[in-house]
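Numbering (UniProt numbering), first residue to last: 334 to 595.
Note that beta-carbon positions come from the ideal geometry of N, C-alpha and C, so glycine has one too.
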Ligand code: ADP
């Protein structure tokens, strides 16, 4: 902690007061560290796919283009890495827009049922590909949530996609929505790989991943849960995680029905 004493004197011979400025430097330093760590992470995350893309293009130009099999394999990799870059940039832009909250967002009545139905269509490919047993149970006559619909949908999609990504083939993913007291509870439950206890407190940090290599393989950016956390906060809600290794994970979002400011 820094303490600065500032003399308040118009006439140097007559001190009229002393003002003490106390600054918590540890907090400032922590923020500064987080910021530079974030920039380093972003640079690294953007550079990795770019290095790979450049490498494969060079190899193609160096002669590999002549062999059809090799050419197609390299082009596939370039496509995957480009897609990864696009997702990363999309997520970074979303996160920055949510954090800055500069533009007033449209607020509307959100029908949870409708949003979940739209998401079901979006994840259909993943469900089929991984033979996931996907179940949604939405309480009938739920009150509508008020807020930004796109954000709400993004939050649910991130949680549901994660549940599917981190669950082995033939696993179960359940979405439960119900009202209790003056809250709507949205639960996303899976029978996946689980999250170690020590990682749970850091889960919502930007770029935090339990297993970097595995997350990269399943196509993650490490920003999904940071985005989820900010959206939940914009709905004045909170989020809890319960998990057991090799048994599964359960994320529970609580959104108060009244007093929403999204
Ligand atoms: P990513 O893009 O890597 O999935 P997220 O921010 O969405 O990033 O999630 C952060 C990390 O939390 C993931 O890398 C993964 O290790 C862990 N995780 C998130 N959801 C689940 C889940 N349902 N089951 C197991 N691990 C999960």
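Compute the Euclidean distance between the alpha carbons of residue i and residue j, then round it to the nearest angstrom.
| i | j | result |
| --- | --- | --- |
| residue 599 | residue 461 | No answer is possible for residue 599: it lies beyond the span of the chain, which begins at 334 and ends at 595. |
| residue 544 | residue 449 | 29 Å |
| residue 387 | residue 411 | 9 Å |
| residue 452 | residue 484 | 13 Å |
| residue 458 | residue 362 | 45 Å |
| residue 509 | residue 529 | 24 Å |
| residue 349 | residue 357 | 26 Å |
| residue 477 | residue 572 | 19 Å |
| residue 426 | residue 344 | 53 Å |
| residue 378 | residue 347 | 59 Å |
| residue 444 | residue 369 | 40 Å |
| residue 486 | residue 446 | 11 Å |
| residue 398 | residue 406 | 10 Å |
| residue 541 | residue 351 | 45 Å |
| residue 575 | residue 464 | 24 Å |
| residue 490 | residue 588 | 16 Å |
| residue 593 | residue 440 | At residue 593 the pLDDT is 46, less than 50, meaning the model places this residue with poor confidence; the figure from the coordinates comes in the next sentence. Near 10 Å, if we compare the C-alpha coordinates of residue 440 and residue 593. |
| residue 420 | residue 404 | 24 Å |
| residue 391 | residue 429 | 34 Å |
| residue 555 | residue 375 | 11 Å |
Take the Cβ of residue i as the centre, count every other Cβ of all protein chains shown within 10 Å, and call the residue buried at 16 or more, exposed below.
| i | result |
| --- | --- |
| residue 511 | exposed |
| residue 531 | exposed |
| residue 364 | exposed |
| residue 579 | exposed |
| residue 353 | exposed |
| residue 499 | buried |
| residue 414 | buried |
| residue 367 | exposed |
| residue 359 | exposed |
| residue 424 | buried |
| residue 493 | buried |
| residue 473 | exposed |
| residue 396 | exposed |
| residue 454 | exposed |
| residue 479 | buried |
| residue 372 | exposed |
| residue 591 | exposed |
| residue 581 | buried |
| residue 355 | exposed |
| residue 586 | buried |
| residue 495 | buried |
Quick one: does the C-beta of residue i sit closer than 8 Å to a heavy atom of the ligand HEM?
| i | result |
| --- | --- |
| residue 444 | With respect to the ligand HEM, the structure offers nothing, as its ligand set consists of the ligand ADP. |
Stretch-stretch touch, CB-based, cutoff 8 Å, three pairs: the region 429 to 444 with the region 465 to 474:
no
Any chance you could list the beta strand (DSSP E) runs of at least 3 consecutive residues sitting entirely within the region 426 to 502, in chain order? 441 to 443, 466 to 471, 478 to 480
Inset, instruction - Kindly confirm or deny that the region 516 to 523 and the region 371 to 389 touch, where touching means at least three C-beta pairs closer than 8 Å. - result: no
(message) Under 8 Å, with one C-beta from each stretch per pair, do the region 522 to 535 and the region 563 to 570 reach the 3-pair mark?
(response) no
Just to confirm the assignment: which complete beta strand (DSSP E) runs, minimum length 3, are found wholly within the region 388 to 431? none
Three-pair Cβ contact test at 8 Å for the region 554 to 565 versus the region 533 to 542: yes
*Continuous alpha helix (DSSP H) assignments of at least 4 residues falling wholly in the region 541 to 588*: 545 to 550, 557 to 567
Practice item. Write down every uninterrupted run of the beta strand (DSSP E) in the region 353 to 380 whose length is 3 residues or greater and which is fully enclosed by it, in chain order. Key: none
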